[in-house]
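Peer 1: Sending over a structure as structure tokens; questions will come in a sec.
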Amino acid sequence: MHAVSNNNYRIIDYLLNSGVMINSRNNDGQTALMLAIKNRNRISVIKKLLANDADTGIRDNDGMTAVLYAARYYADIELLKLLLEHGAGINAADKLGRNAIMHNLQGNRTSMELIDYLLLKGISVNHQDVQGRTALVYALIHTDNPLIIQMLLDAGADVNLREKYKGTTPLMYAVSENNNPAVVRVLLEAGADPIARDFQGKRVVDYIEENKALKGTDVYWELKYLEPEKSRIELLPAKDVQKAGLLAAFIPSAGHYYADNWGRGALFLAGELTTIAIGLNQKEDTRTIFFGIFALLKAWEIYDAVKITEEYNAFAEEYNKEAVIYNELLE
Numbered sequence: 006m007h008a009v010s011n012n013n014y015r016i017i018d019y020l021l022n023s024g025v026m027i028n029s030r031n032n033d034g035q036t037a038l039m040l041a042i043k044n045r046n047r048i049s050v051i052k053k054l055l056a057n058d059a060d061t062g063i064r065d066n067d068g069m070t071a072v073l074y075a076a077r078y079y080a081d082i083e084l085l086k087l088l089l090e091h092g093a094g095i096n097a098a099d100k101l102g103r104n105a106i107m108h109n110l111q112g113n114r115t116s117m118e119l120i121d122y123l124l125l126k127g128i129s130v131n132h133q134d135v136q137g138r139t140a141l142v143y144a145l146i147h148t149d150n151p152l153i154i155q156m157l158l159d160a161g162a163d164v165n166l167r168e169k170y171k172g173t174t175p176l177m178y179a180v181s182e183n184n185n186p187a188v189v190r191v192l193l194e195a196g197a198d199p200i201a202r203d204f205q206g207k208r209v210v211d212y213i214e215e216n217k218a219l220k221g222t223d224v225y226w227e228l229k230y231l232e233p234e235k236s237r238i239e240l241l242p243a244k245d246v247q248k249a250g251l252l253a254a255f256i257p258s259a260g261h262y263y264a265d266n267w268g269r270g271a272l273f274l275a276g277e278l279t280t281i282a283i284g285l286n287q288k289e290d291t292r293t294i295f296f297g298i299f300a301l302l303k304a305w306e307i308y309d310a311v312k313i314t315e316e317y318n319a320f321a322e323e324y325n326k327e328a329v330i331y332n333e334l335l336e
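According to this note's numbering, the stretch in the sequence shown is residues 6 to 336, in order.
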């Protein structure tokens, strides 16, 4: 197994020719085949393992099979075909109930082509994991590509199939977890229920309020108007641009926090603290260089905090215009 993990092809050949127990497992329950796939060894190596009776149906300690490893770590149709030809089960799921599509979406190698191939080979598109989440929900959480969403819907994904414990619908996941309005639009056009409630009575419009990226978009307002239990919308207050600049000047990241962009402010804070820490550990003749860098970062922070605040105010102005129109309809 060390030979497979280290991509040592000569040793792999030697071991195979020596009749090594090819399906032995490590402490994690992984076989040489699983490790070869996870480490993205050459297809030729994987073919050799399969030719020497590597078992595609063995599960590791987490219930992962070779197909699940291939979907998550390799994402190659040729490999998947090879595994299926050697008896791998396409509908395999791990102990958490995640099938091959779910692993592909959750990993770092999401592939439309691979998902399409799995669907064509008959993988269950409405299979639910232990929480009741389908491949559609995984796609809504892990990708903002509406084409993948449409592909799953075209294959028969249930657009209103609820999660088991909270009763969350795919649309609720979309409006709270996904930043692309086009993804929400695809679900609505496919018949997603815009006025559904989860098991606690939480509405779609309540979920969308948790997602700043969708606030004020066309789908945001559309869902607001579709919701039968309407309530007045509070207007957004304007921010003081000068205050943002002063806060940024004297308190690291405070200007960005004031402008509701703490994440960006945290980057400046980290950069400034790192620069000071390095500078204090330098000799006196080079210390001034780092203090100069700090001054530049601080100037950039002030400029950026002002810019972010101006952008917020522009957004708030447009949002408030729509909110006033919406509120007038309730009177």
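Note that CB positions come from ideal geometry on N, CA and C, so glycine has one too.
Please name the residue in Gln-35, Asn-46, Leu-166, Val-50 whose C-alpha comes closest to that of Thr-70.
Peer 2: Here residue 70 refers to the residue found at position 65 of the sequence shown. Each of Gln-35, Asn-46, Leu-166, Val-50 was checked against the Cα of Thr-70, and the nearest Cα belongs to Gln-35.
Peer 1: Which of helix, strand or coil does DSSP assign to Arg-202?
Peer 2: Here residue 202 refers to the residue found at position 197 when the sequence shown is read from its first residue. Note: Arg-202 maps to strand in three-state DSSP.
Peer 1: Going by Cα to Cα distance, which pick from Val-191, Glu-322, Ile-120, Ile-128 is closest to Ala-93?
Peer 2: Against the sequence shown, residue 93 aligns to sequence position 88. Taking only the C-alpha atoms, the option nearest Ala-93 is Ile-128.
Peer 1: Going by Cα to Cα distance, which pick from Lys-169, Glu-182, Ile-120 is closest to Asp-159?
Peer 2: Taking the first residue of the sequence shown as 1, we reach residue 159 at position 154. Answer by Cα proximity: Ile-120.
Peer 1: Is it right to say Lys-326 is buried, meaning 16 or more other beta carbons lie within 10 angstroms of its own, or is it exposed?
Peer 2: Looking up residue 326 in the sequence shown gives position 321. Looking at its Cβ environment, which holds fewer than 16 other Cβ atoms inside 10 Å, Lys-326 is exposed.
Peer 1: For the candidate residues Asn-184, Ile-63, Lys-126, whose alpha-carbon lies nearest to that of Pro-151?
Peer 2: Residue numbering aside, residue 151 sits at position 146 when the sequence shown is read from its first letter. Looking at the Cα atoms, Asn-184 is the closest of the given residues.
Peer 1: Can you tell me the Cα-Cα spacing of Tyr-308 and Ala-201, whole angstroms?
Peer 2: Numbered from 1 along the sequence shown, position 303 holds the residue referred to as residue 308. Numbered from 1 along the sequence shown, position 196 holds the residue referred to as residue 201. For Tyr-308 and Ala-201, the distance between alpha carbons rounds to 44 angstroms.
Peer 1: Are the CB atoms of Phe-255 and Leu-1 within a distance shorter than 8 angstroms?
Peer 2: For residue 1 there is no data in the structure shown, the boundaries of the chain being 6 and 336.
Peer 1: Within a Cβ cutoff of 6 angstroms, which residues of the same chain sit near Leu-240, ignoring the five residues on either side of it in sequence?
Peer 2: Within the sequence shown, the letter at position 235 stands for residue 240. Contacts found: Asn-325, Ala-328.
Peer 1: When you compare only the Cα positions, how much space is there between His-2 and His-147?
Peer 2: Residue 2 lies beyond the range of the chain shown here (6 to 336); nothing can be said about it.
Peer 1: Over the uninterrupted alpha helix (DSSP H) stretch that includes His-261, give me the two end residues.
Peer 2: Numbered from 1 along the sequence shown, position 256 holds the residue referred to as residue 261. Looking at the DSSP string, the run of the alpha helix (DSSP H) that includes His-261 is 259–263.
Peer 1: List the endpoints of the continuous alpha helix (DSSP H) containing Thr-293.
Peer 2: Residue 293 sits at position 288 when you count from the first residue of the sequence shown. Counting along the chain, the alpha helix (DSSP H) containing Thr-293 begins and ends at 289–334.
Peer 1: What is the rounded straight-line gap between the Cα of Asn-318 and the Cα of Leu-278?
Peer 2: Locating residue 318 in the sequence shown gives position 313, where the first residue counts as 1. Locating residue 278 in the sequence shown gives position 273, where the first residue counts as 1. Across the structure, Asn-318 and Leu-278 are spaced so that their CA atoms are roughly 29 angstroms apart.
Peer 1: Give, in chain order, every unbroken run of the alpha helix (DSSP H) that is at least 4 residues long and sits entirely within the region 55–83.
Peer 2: 71–74
Peer 1: Hey, would you say Ile-27 sits closer than 8 angstroms to Tyr-79, going by beta carbons?
Peer 2: The residue you call residue 27 lines up with position 22 of the sequence shown. The residue you call residue 79 lines up with position 74 of the sequence shown. No.
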